[in-house]
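The block underneath contains the structure these notes are about, expressed in structure tokens.
2 protein chains.
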Amino acid sequence: MAETIATVGEFGLIHRIETVLREEGVLAEGVSVGLGDDAASFVPHPGYELLVTCDALVEGRHYLIDRISAQDLGRRAMAVNVSDIGAMGGRPLYALVSLGLKAETMVSHVIDMYRGFILELGPYEAAIIGGNITKTDHAAFIDITLIGEARPDKILRRSTARPGDTILVTGFPGQAAAGVRLLLSEHGAGIADADPLVAAYNRPVPRAKEGFEIAQRGCATAMIDTSDGFLGDLGHICEESGVGAELFQDKLPISDDLRRGAALLGVAPYDLFLGDSDDYELIVTCAPEKAADVMEAVAAIGETRAVQVGRIVEAARGMRLISPDGGDRQITPAGWDHFRIK
Amino acid sequence: MAETIATVGEFGLIHRIETVLREEGVLAEGVSVGLGDDAASFVPHPGYELLVTCDALVEGRHYLIDRISAQDLGRRAMAVNVSDIGAMGGRPLYALVSLGLKAETMVSHVIDMYRGFILELGPYEAAIIGGNITKTDHAAFIDITLIGEARPDKILRRSTARPGDTILVTGFPGQAAAGVRLLLSEHGAGIADADPLVAAYNRPVPRAKEGFEIAQRGCATAMIDTSDGFLGDLGHICEESGVGAELFQDKLPISDDLRRGAALLGVAPYDLFLGDSDDYELIVTCAPEKAADVMEAVAAIGETRAVQVGRIVEAARGMRLISPDGGDRQITPAGWDHFRIK
């Protein structure tokens, strides 16, 4: 019989979750009190700082429930948090998962979501050590708190870029934006889950291993993930560091897939690249002579590449896009402002 | 002009929140990266374990938006987490606040909620160091992760009660249940926010200071907060510790207010005491000769009292209620199972 949360109850569901975590998850090293008490407890490693972040996905807003598998949804909810820890140069350790679920949700859906969490934490041997489940009558939500660690001298912030620094980016930002827009467009019904653009949206690959490696090598001055879109997050670096930025249009890594998607959508690929997009790539700044080290650090992981796309300038220059013919125009970071009336 | 989140935008709202935290919150000691980066970072104290818990309130389910002030709502959302850390014997340190908000929400409502968070963290000099804001179109939610600390040998679990132990409880469980039922009843319109039963629901006082003091004195064997109702949480102790429990009906602390509320509602005060109720009192077990120490530890804080209500027995006895005439009946921990079909 297909079981729903309503039929097994909250505590029944928690028992199923505990079973899948015990059988398929990582046994969390350093944890003295795990699931099933008022709070979880762990022993921090001497000499490390702890990093902590939280990010939520809300049904209908951050994912399309009928266009993503439960396991991919779990992976994605965890990936956005893994990305934040990696963007600080840290290593993920422990996660707390807080779910708002509807009573008619299938138990198997929740368990598959947990399999996604586990898959995404696997490369870091990180474990789920706590959480909360509550009933919601409307949109479900997945809210994850992820705790990581880093040596104090290896933590990379967004506030420490300097004029003259080179700007690099990993992967191909904008693909997730193209993916979700295609899913929502007239092309949505015909597009496969395996399409690289849809995959970029449904199964983003956080660059936490790359972020950790860059931090270990000490070659960067600032780092951020592109969760607010490329320009939005470059804007965060500029604002927090008190600097400006110049981007070279012909250096921006526009993938063939992105060009194809942009053509289908009737928009410029640069708009998809620069604007809101849930790609979770890294923007890295470094002294020009360290750019090769950053690229090498990213290549060493073997999953993607980093390329140079511009340079940090004085704040007074603002953010500018330099076209191949030498044209030079101001660009503004729209960022992903969920609330603003457009 | 009355501003909504839609008019100031996500980043506008975040700036307002940062301002109120800077001006009215605690400057978090040990924090090296605070609000406004991918993750927050802090230096753990050597020799301490870290405790971490998360708990969410969902509009319409855990609070009645038109019957609670924004500041009380913030206090309550933080209090449920403070209670969890205290029930482990820990001290709250750092909070992350994840909000799901509707675009038409007033900015002042959010800021007042933050004032509530700050008020509730104040006694512990604990600080908000991060969070997330996302848009939701339906029920708002407040999901808080709270990090605390405790010496490893002072952590109190729910799994360590032993047959022969005395069972104690702080305060007057059941009052919050009476409060919310009155608000939802025909008496709801006429009942004041200051009514002690409504206050118990809207402004629960977590017993974290008491929990910390009990843990410091080393006088207890197990501890839990009553977030799943008195019987539900005593049931958790029994299940996790592999024991049973006998409660003496005439020892249960039924307040005059609870009797009054029960009469208005036409229910037995014992049902309100034993069943689901959001009071956040503590259930403590200890060796019989330590019961006076537990009561003294609670009294030392000066906010409430603890009384002896029963004793831990062998698991085979189950959970039993002993009436003044010596009658003895099995009771089952219903707990608060949000999902189960009744």
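Read top to bottom, the protein sequences are chains H and A.
Using this note's numbering, the first residue of the first sequence is number 1, and each one after it goes up by one.
Using this note's numbering, the first residue of the second sequence is number 1001, and each one after it goes up by one.
From the three backbone atoms N, C-alpha and C, an ideal C-beta is built for every residue, glycine too.
Checklist entry - Closest Cβ-Cβ distance between residue 113 of chain H and chain A: below 8 Å? => result Working through the first sequence from its first residue, we reach residue 113 of chain H at position 113. Under the Cβ criterion of 8 Å, residue 113 of chain H is not counted among the residues facing chain A.
Item to check | Simplified DSSP assignment, three categories, for residue 1269 of chain A | outcome: On the second sequence, residue 1269 of chain A is found 269 positions in, with the first residue counted as 1. Here DSSP, grouped into helix, strand and coil, assigns residue 1269 of chain A to helix.
Checklist entry - Is there at least one Cβ from chain A nearer than 8 Å to residue 224 of chain H's Cβ? => result On the first sequence, position 224 is the one that residue 224 of chain H refers to. Yes, because at least one Cβ of chain A sits closer than 8 Å to the Cβ of residue 224 of chain H.
Item to check | Nearest residue (CA-CA) to residue 149 of chain H, options H:253, H:211, H:230 and H:264 | outcome: Looking up residue 149 of chain H in the first sequence gives position 149. For residue 149 of chain H, the closest of H:253, H:211, H:230 and H:264 by C-alpha to C-alpha distance is H:211.
Checklist entry - Does the stretch 1127-1138 of chain A come close enough to the stretch 90-109 of chain H to have 3 or more Cβ pairs within less than 8 Å? => result No, the stretch 1127-1138 of chain A does not touch the stretch 90-109 of chain H.
Checklist entry - For residue 1129 of chain A, which three-state DSSP category applies? => result Translated into positions along the second sequence, residue 1129 of chain A becomes position 129. It is a strand residue.
Checklist entry - Quick one: what's residue 1219 of chain A bridged to in DSSP? => result Sequence index remark: in the second sequence, residue 1219 of chain A carries index 219 (1-based). Note: residue 1219 of chain A sits in no beta bridge, so no partner.
Item to check | Residue nearest to residue 1055 of chain A in terms of C-alpha spacing, selected from A:1024, A:1099 and A:1043 | outcome: Taking the first residue of the second sequence as position 1, residue 1055 of chain A is located at position 55. The residue with the shortest Cα to Cα distance from residue 1055 of chain A is A:1099.
Item to check | Closer than 8 Å to chain C by CB, residue 1138 of chain A | outcome: Given the protein chain composition of this structure (H and A), no chain C is represented.
Next on the checklist: My output table needs one value for residue 1319 of chain A: the three-state DSSP class, helix, strand or coil.
Outcome noted: To locate residue 1319 of chain A, count along the second sequence from 1; it is residue 319. Of the three classes helix, strand and coil, the one that applies to residue 1319 of chain A here is strand, per DSSP.
Checklist entry - Among A:1005, A:1045, A:1283 and A:1073, which one has its Cα closest to the Cα of residue 1221 of chain A? => result Walking along the second sequence from the start, residue 1221 of chain A turns up at place 221. Checked all of A:1005, A:1045, A:1283 and A:1073; the closest Cα to residue 1221 of chain A is A:1283.
Checklist entry - What is the residue span of the alpha helix (DSSP H) that residue 1073 of chain A lies within? => result To locate residue 1073 of chain A, count along the second sequence from 1; it is residue 73. Run containing residue 1073 of chain A: 1070-1087, per the alpha helix (DSSP H) assignment.
Item to check | Interface partners of residue 277 of chain H on chain A, CB under 8 Å | outcome: Residue 277 of chain H sits at position 277 when you count from the first residue of the first sequence. The contact set of residue 277 of chain H on chain A, defined by CB atoms closer than 8 Å, is empty, because the minimum CB distance reaches about 16 Å.
Checklist entry - Between H:300, H:106 and H:165, which lies nearest to residue 245 of chain H when the distance is taken from Cα to Cα? => result Here residue 245 of chain H is taken as the residue at index 245 of the first sequence, counted from 1. Ranking the options by Cα distance to residue 245 of chain H, first place goes to H:165.
Next on the checklist: Which same chain residues end up closer than 6 Å to residue 1307 of chain A when comparing Cβ atoms and leaving out the 5 residues on each side of it in sequence?
Outcome noted: For the purposes of this step, residue 1307 of chain A is taken as the residue at position 307 of the second sequence. Here the set comprises 1253.
Checklist entry - Is the CB-CB distance between residue 1050 of chain A and residue 69 of chain H below 8 Å? => result Residue numbering aside, residue 1050 of chain A sits at position 50 when the second sequence is read from its first letter. Residue numbering aside, residue 69 of chain H sits at position 69 when the first sequence is read from its first letter. Not closer than 8 Å, so no.
Item to check | Within-8 Å CB hit, residue 1285 of chain A to chain H | outcome: Residue mapping note: residue 1285 of chain A aligns to position 285 of the second sequence, counting from 1. Taking Cβ atoms only, chain H never reaches closer than 8 Å to residue 1285 of chain A, which makes this a no.
Next on the checklist: Between the alpha carbons of residue 174 of chain H and residue 278 of chain H, how many angstroms are there, rounded?
Outcome noted: Counting from one through the first sequence, the residue named residue 174 of chain H turns up at place 174. Counting from one through the first sequence, the residue named residue 278 of chain H turns up at place 278. Their backbone Cα atoms lie some 8 Å apart in a straight line.
Checklist entry - Is residue 1123 of chain A close to chain H, meaning its C-beta is less than 8 Å from at least one C-beta of that chain? => result Walking along the second sequence from the start, residue 1123 of chain A turns up at place 123. So no, residue 1123 of chain A is outside the interface.
Checklist entry - Does DSSP put residue 1291 of chain A in a helix, in a strand, or in coil? => result By 1-based counting over the second sequence, the position of residue 1291 of chain A is 291. Residue 1291 of chain A falls in the helix class under three-state DSSP.
Checklist entry - Do you know offhand how far residue 293 of chain H's Cα is from residue 299 of chain H's? => result Working through the first sequence from its first residue, we reach residue 293 of chain H at position 293. Working through the first sequence from its first residue, we reach residue 299 of chain H at position 299. Straight-line Cα distance between these residues: approximately 10 Å.
Checklist entry - So, do the stretch 1102-1115 of chain A and the stretch 106-118 of chain H have three or more beta carbon pairs nearer to each other than 8 Å? => result Contact between the stretch 1102-1115 of chain A and the stretch 106-118 of chain H is absent: fewer than three C-beta pairs spanning the two stretches fall below 8 Å.
Checklist entry - Any Cβ of chain H within less than 8 Å of the Cβ of residue 1328 of chain A? => result For the purposes of this step, residue 1328 of chain A is taken as residue 328 along the second sequence, with counting starting at 1. Between residue 1328 of chain A and chain H, the shortest Cβ-Cβ separation is not below 8 Å.
Checklist entry - Can you name, in chain order, every residue of its own chain whose Cβ lies under 7 Å from the Cβ of residue 204 of chain H, other than the five neighbours on each side? => result Stepping through the first sequence from its first residue, residue 204 of chain H is reached at position 204. Within its own chain, the residues whose Cβ lies closer than 7 Å to the Cβ of residue 204 of chain H, once the five positions on either side in sequence are excluded, are 76, 79, 176, 278, 279 and 280, listed in chain order.
Item to check | Nearest-angstrom Cα separation, counted from residue 119 of chain H out to residue 1272 of chain A | outcome: Stepping through the second sequence from its first residue, residue 1272 of chain A is reached at position 272. Stepping through the first sequence from its first residue, residue 119 of chain H is reached at position 119. Rounded to whole angstroms, residue 1272 of chain A to residue 119 of chain H spans 43 Å at the Cα level.
Next on the checklist: Can you check whether the C-beta of residue 1322 of chain A is within less than 8 Å of a C-beta belonging to chain H?
Outcome noted: Position 322 of the second sequence holds residue 1322 of chain A. So no, residue 1322 of chain A is outside the interface.
Next on the checklist: Is there a Cβ of chain A sitting closer than 8 Å to that of residue 145 of chain H, yes or no?
Outcome noted: To locate residue 145 of chain H, count along the first sequence from 1; it is residue 145. Chain A, which has a Cβ nearer than 8 Å to the Cβ of residue 145 of chain H, makes this yes.
Checklist entry - By Cβ distance below 8 Å, which residues in the same chain neighbour residue 286 of chain H in space, the five residues on each side in sequence not counted? => result Walking along the first sequence from the start, residue 286 of chain H turns up at place 286. Closer than 8 Å at the Cβ level, and outside the excluded window around residue 286 of chain H, lie 165, 166, 168, 219, 220, 221, 293 and 294.
Checklist entry - Straight-line CA distance for residue 128 of chain H to residue 1147 of chain A? => result Sequence index remark: in the first sequence, residue 128 of chain H carries index 128 (1-based). Sequence index remark: in the second sequence, residue 1147 of chain A carries index 147 (1-based). Between residue 128 of chain H and residue 1147 of chain A, the alpha-carbon positions lie close to 15 Å from each other.
Next on the checklist: Suppose the cutoff is 8 Å on Cβ atoms and the five residues either side in sequence are ignored; what does the same chain contact list for residue 1004 of chain A look like?
Outcome noted: Counting from 1 along the second sequence, the entry for residue 1004 of chain A is found at position 4. Shown here for residue 1004 of chain A: same chain residues with a beta carbon closer than 8 Å to its own, the five before and five after excluded, namely 1103, 1104, 1105, 1106 and 1107 in chain order.
Checklist entry - So which residues on chain H does residue 1085 of chain A lean against when the C-beta distance must stay under 9 Å? => result Position 85 of the second sequence holds residue 1085 of chain A. For residue 1085 of chain A, the chain H residues whose Cβ falls inside 9 Å of its Cβ are 38 and 39, in order along the chain.
Item to check | Buried or exposed (CB count within 10 angstroms, at least 16 for buried), residue 1330 of chain A | outcome: In the second sequence, residue 1330 of chain A corresponds to position 330, counting from 1. When all chains shown are included, residue 1330 of chain A counts as exposed.
Next on the checklist: 8 Å is my cut-off, CB to CB: does residue 16 of chain H come that close to chain A?
Outcome noted: Indexing the first sequence from 1 puts residue 16 of chain H at position 16. Judged by the 8 Å Cβ criterion, residue 16 of chain H is not in contact with chain A.
Checklist entry - Does residue 281 of chain H get closer than 8 Å to chain A when you measure Cβ to Cβ? => result For this step, residue 281 of chain H is matched to residue 281 along the first sequence. Residue contact with chain A for residue 281 of chain H: absent (no Cβ-Cβ distance below 8 Å to any residue of chain A).
Checklist entry - Helix, strand or coil: how does DSSP classify residue 1174 of chain A here? => result Position 174 of the second sequence holds residue 1174 of chain A. Reduced to three states, the DSSP call for residue 1174 of chain A is coil.
Checklist entry - Which residues in chain H sit within 7 Å of residue 1096 of chain A, going by Cβ to Cβ distance? => result Residue mapping note: residue 1096 of chain A aligns to position 96 of the second sequence, counting from 1. The contacting residues are 52, 54 and 145.
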